[in-house]
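Asks: Here it is, the structure in full.
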Amino acid sequence: MQCCLPHLSLPPSPSCPIQPCSPSPLPAPFLAPFPSSHSPAAPSSQGNVRPPAPHPPPGLAPPLGGCPAPASPPYPDSLRYFYTAVSEPGPGLPTFSIVGYVDDQLFVDYSSERRSAEPRAEWMARREGPQYWERQTQIAQGDQAGFRAGLDTLRGRYNQSGGFHTLQVMYGCELRGDGSKGGSFQYAYDGGDFISLDKDQETWVAADDGARITKGKWDADRSIAQRRKAYLEQECIEWLGKYLEYGKETLQRREPPRVQVGDRRSRDGLTTLSCRVHGFYPRSVAVVWLKKGVAMPQETIQWGVVPSGDGTYQTRATIEIDPSSETNYTCCVEHPSLAQDLRVPWGKGCVVLGWGKRVGRGYGAPMGGGVTDPYNRARGFVVPLFTGPLPFQCPSPT
Numbered sequence: 103m104q105c106c107l108p109h110l111s112l113p114p115s116p117s118c119p120i121q122p123c124s125p126s127p128l129p130a131p132f133l134a135p136f137p138s139s140h141s142p143a144a145p146s147s148q149g150n151v152r153p154p155a156p157h158p159p160p161g162l163a164p165p166l167g168g169c170p171a172p173a174s175p176p177y178p179d180s181l182r183y184f185y186t187a188v189s190e191p192g193p194g195l196p197t198f199s200i201v202g203y204v205d206d207q208l209f210v211d212y213s214s215e216r217r218s219a220e221p222r223a224e225w226m227a228r229r230e231g232p233q234y235w236e237r238q239t240q241i242a243q244g245d246q247a248g249f250r251a252g253l254d255t256l257r258g259r260y261n262q263s264g265g266f267h268t269l270q271v272m273y274g275c276e277l278r279g280d281g282s283k284g285g286s287f288q289y290a291y292d293g294g295d296f297i298s299l300d301k302d303q304e305t306w307v308a309a310d311d312g313a314r315i316t317k318g319k320w321d322a323d324r325s326i327a328q329r330r331k332a333y334l335e336q337e338c339i340e341w342l343g344k345y346l347e348y349g350k351e352t353l354q355r356r357e358p359p360r361v362q363v364g365d366r367r368s369r370d371g372l373t374t375l376s377c378r379v380h381g382f383y384p385r386s387v388a389v390v391w392l393k394k395g396v397a398m399p400q401e402t403i404q405w406g407v408v409p410s411g412d413g414t415y416q417t418r419a420t421i422e423i424d425p426s427s428e429t430n431y432t433c434c435v436e437h438p439s440l441a442q443d444l445r446v447p448w449g450k451g452c453v454v455l456g457w458g459k460r461v462g463r464g465y466g467a468p469m470g471g472g473v474t475d476p477y478n479r480a481r482g483f484v485v486p487l488f489t490g491p492l493p494f495q496c497p498s499p500t
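Position one of the sequence shown corresponds to residue 103 (my numbering), numbered consecutively onward.
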């Protein structure tokens, strides 16, 4: 039997021996994680039909100039997909799900409960029509069947007769500020590494004996890794650029941070100064405490950058001091939205807001402000487990 595949990124069904109608120079990148005993075959592409949507990630950004804040690389633009299949679904945890992110924004998802791929960002819903979403739904439904079969295969491989088990895939690409590119393709089973792509060596890295069976099959056909590498370095980057253009009003927006500085007495007799920075976008930020204008990066405790739930981010930096000290302490913040660093001094016994207004003990009313994304704020979404991609389909093992 020969199966004819009508869509670029719609791979063969589990019953199909995977014979495309006609070859394409750029097949869809997703590969069945658990090939059958016969040689694994790659998905096919055809014509100029676009594949399905080909990118949440703590840290601090490098200082912009004024604050001598601790430096780390800024976050690159990225496109990432997460797939999750579970053996025992439950409330809020479907049998199979797919989510896609551009940078830190969820923009597409699929659930086995809903059985349809849908936009999760207003800009995506606005730019793509029914045909696009019908195609994504077809592909996701095929992946659902492939992941179910793959999960069963691994349970047998590891001699597991029952219980809760997960199969996950994460892949995507990134474009860094210096123009360099990155990408990865990773599989996980029961929350642990299973197999991943070594893009530079064009081979697969197995995490255990069970994964080495899959590695042997995939390494036997070097073109499998080569196609994945080509996708990550070319097609994925092109899709990333397209989606960044689609959502530029949201993804490239700048919302300045609001800062609250306060203190509290510690049990050991010291005083902890706290600098809460919130309401900012994008995620990259640098925060450090200054003592008489001199940065104290080693003494500053960073608490990581986390989502605020309204489309912006927040973080906190603390430092412990001798309460008898009369030394001047200042919280210094740098962010891409600011023309210069924002410095908020500590005032003993009060809380100082980012605009310099002093209020009594306890935090004052929130500072007003910034544009948020009402679309995502109204549509909460929890990424299940470790999750990944949307543009490919898995042939099921036999």
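Each residue gets a CB set at the ideal place from its N, CA and C atoms; glycine is no exception. Bear in mind the structure is a predicted one, so any value in this text is a computation, not a measurement.
How many angstroms separate the CA atom of Trp320 from the CA atom of Ala327?
Replies: If I take the Cα positions, the gap works out to 8 Å.
Asks: With a cut-off of 8 Å on the beta carbons, I'd call Glu304 and Arg324 a contact; round off their distance for me.
Replies: Yes, Glu304 and Arg324 are in contact; Cβ-Cβ is about 6 Å, under 8 Å.
Asks: Among all the DSSP beta bridges, which residues are the ones paired with Arg367?
Replies: Its beta-bridge partners are Thr373.
Asks: Start and end of the alpha helix (DSSP H) containing Ala308?
Replies: It is not in any alpha helix (DSSP H) - Ala308 instead sits in the beta strand (DSSP E) that spans 305-308.
Asks: Could you give the distance in angstroms between the alpha-carbon of Gly462 and the alpha-carbon of Leu375?
Replies: At Gly462 the pLDDT is 31, less than 50, meaning the model places this residue with poor confidence and gives no usable figure here.
Asks: Taking just the CA atoms, how far does Tyr183 sit from Tyr234?
Replies: Distance between the alpha carbons of Tyr234 and Tyr183 is about 17 Å.
Asks: By the DSSP assignment, the beta strand (DSSP E) with Phe296 in it spans what residues?
Replies: From DSSP, the beta strand (DSSP E) with Phe296 extends over 294-300.
Asks: Flag this pair as yes or no: are the beta carbons of Gly406 and Thr414 separated by less than 9 Å?
Replies: Going by C-beta atoms, Gly406 is not nearer than 9 Å to Thr414.
Asks: Bridge partners for Val201 per DSSP, in chain order?
Replies: For Val201, which the question treats as bridged, DSSP gives the partners Phe184, Asp211.
Asks: If the criterion is Cβ atoms closer than 9 Å, does the pair Gly285 and Glu347 meet it?
Replies: It is not a contact, given that the beta carbons lie outside the stated cut-off.
Asks: Where does the unbroken alpha helix (DSSP H) through Gly312 begin, and where does it stop?
Replies: Taken as a continuous stretch (DSSP letters only), the alpha helix (DSSP H) holding Gly312 covers 311-321.
Asks: If you check the beta carbons only, do Asp211 and Glu220 fall under 9 Å apart?
Replies: The answer is yes: Cβ separation under 9 Å.
Asks: Does Gly244 pass the burial test, meaning 16 or more other C-beta atoms within 10 Å, or should it be called exposed?
Replies: Buried, by the Cβ-count rule.
Asks: Work out the CA separation of Tyr291 and His267 for me, nearest whole Å.
Replies: Roughly 8 Å separates the two Cα atoms.
Asks: Output the boundary residues of the beta strand (DSSP E) element that contains Leu277.
Replies: First-last of the beta strand (DSSP E) with Leu277: 268-277.
Asks: What did DSSP end up calling Asp424 once you bin it into helix, strand or coil?
Replies: Three-state result, Asp424: coil.
Asks: Excluding the 5 residues flanking Pro178 on each side, which residues of the same chain have their C-beta closer than 8 Å to its C-beta?
Replies: These residues qualify, in order along the chain: Glu276, Leu277, Arg278, Gly279, Gly284.
Asks: When DSSP labels each residue in this structure, what does Trp235 get in the three-state scheme?
Replies: Helix, per DSSP.
Asks: DSSP three-state call for Ser263: helix, strand or coil?
Replies: Of the three classes helix, strand and coil, the one that applies to Ser263 here is coil, per DSSP.
Asks: Quick check on Gly470: buried or exposed, where buried means 16 or more other Cβ atoms within 10 Å of its Cβ?
Replies: In this prediction, Gly470 scores a pLDDT of 28, lower than 50, which makes its location untrustworthy; the coordinate-derived value is nonetheless stated afterwards. So Gly470 counts as exposed.
Asks: Just how far apart, CA to CA, sit Pro409 and Pro438?
Replies: Approximately 17 Å between the Cα atoms of the pair.
Asks: Determine the DSSP secondary structure at Ser218, reduced to helix, strand or coil.
Replies: Ser218 falls in the strand class under three-state DSSP.
Asks: Using CA coordinates, which residue listed in Glu230, Ala223, Ser199 is at the minimum distance from Arg216?
Replies: Closest by alpha carbon: Ser199.
Asks: Report the partner residues of Ala251 according to the DSSP bridge assignment.
Replies: Answer is none; Ala251 lacks a bridge partner.
Asks: With a cut-off of 8 Å, do at least 3 Cβ pairs link the region 235-254 to the region 356-371?
Replies: Contact fails: fewer than three Cβ-Cβ distances are below 8 Å.
Asks: Output the distance between the C-alpha atoms of Ala397 and Ala441, rounded to the nearest integer angstrom.
Replies: Between Ala397 and Ala441, the C-alpha separation is close to 20 Å.
Asks: Just to confirm the assignment, what range does the beta strand (DSSP E) spanning Ala290 have?
Replies: Run containing Ala290: 283-291, per the beta strand (DSSP E) assignment.
Asks: Can the beta-carbon of Leu85 be found closer than 9 Å to that of Pro358?
Replies: Residue 85 cannot be examined here, being either before or after the span of the chain that is shown, 103 to 500.
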